[in-house]
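Structure first, commentary second.
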Amino acid sequence: MSAGPPRPERFTRAFRLRHAREFQAVYTTRHRRESGPLLLYGMPNGLRNPRIGLSVSRKVGGAVTRNRIKRRLRDSFRRLKVDLDEPFDYVVVVRPHRSTPRIDYDRHMRSAMEKVLASWSGKTRSS
Numbered sequence: 056m057s058a059g060p061p062r063p064e065r066f067t068r069a070f071r072l073r074h075a076r077e078f079q080a081v082y083t084t085r086h087r088r089e090s091g092p093l094l095l096y097g098m099p100n101g102l103r104n105p106r107i108g109l110s111v112s113r114k115v116g117g118a119v120t121r122n123r124i125k126r127r128l129r130d131s132f133r134r135l136k137v138d139l140d141e142p143f144d145y146v147v148v149v150r151p152h153r154s155t156p157r158i159d160y161d162r163h164m165r166s167a168m169e170k171v172l173a174s175w176s177g178k179t180r181s182s
């Protein structure tokens, strides 16, 4: 089995933010956009692929609700990452909200990611 690039349909460790320092690096850029119940922070990561970290507090709901939301967000990211040209780190903060269908999470995630990418590229061009 070769150790080539991760397959796009899988959500492997290469696509996850796993350490507090990685989350903190994204938070400190203060570069964020929101869409619906999602607040998305983003920054370029210098790698070959995008990565995501999820922050879902107990205010959102019980363990079952939080895990369902995280599953839906990971699934949305797994499908969206093949369309993302830019290797960015994203941290998704979920605000309390009523349960929504998977398609809404897809729409909100795509919208917030596009806003972050567009505003970041505009920021780097003017700098």
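My numbering applies: residue 56 is where the sequence shown begins, and numbers increase by one.
No residue lacks a Cβ here, since even glycine has one placed at the ideal position from N, Cα and C.
Since this is a predicted model, take the numbers as computed values, not measurements.
For residue 110, no alpha helix (DSSP H) segment is defined; the enclosing uninterrupted segment is the beta strand (DSSP E) at 106 to 111.
For residue 144, the enclosing beta strand (DSSP E) starts and ends at 143 to 149.
Inclusion of residue 127 and residue 72 in the CB contact set at 7 Å is not warranted, their separation being larger than that value. If you draw a straight line from the Cα of residue 124 to the Cα of residue 161, it is about 12 Å long. Following the DSSP letters along the chain, one finds residue 131 inside the alpha helix (DSSP H) bounded by residues 118 to 135. It is roughly 10 Å from the alpha-carbon of residue 113 to the alpha-carbon of residue 149. Linking residue 144 to residue 98 through their CA atoms gives a straight-line distance of about 5 Å. With a cutoff of 7 Å on beta-carbon distance, residue 110 and residue 164 are scored as not near each other. When the five nearest sequence neighbours on each side are left out, the beta carbons in the same chain lying within less than 6 Å of the beta carbon of residue 108 are those of 72, 78, 146, in order along the chain. Out of 174, 129, 142, 176, the CA that lies nearest to the CA of residue 157 is found in 129. One Cα belongs to residue 119, the other to residue 66, and the distance between them is close to 21 Å. Per the coordinates, the alpha-carbon of residue 171 lies some 12 Å from the alpha-carbon of residue 139.
Residue burial is scored here from C-beta neighbours: residue 167 has at least 16 other C-beta atoms within 10 angstroms and is therefore classed as buried.
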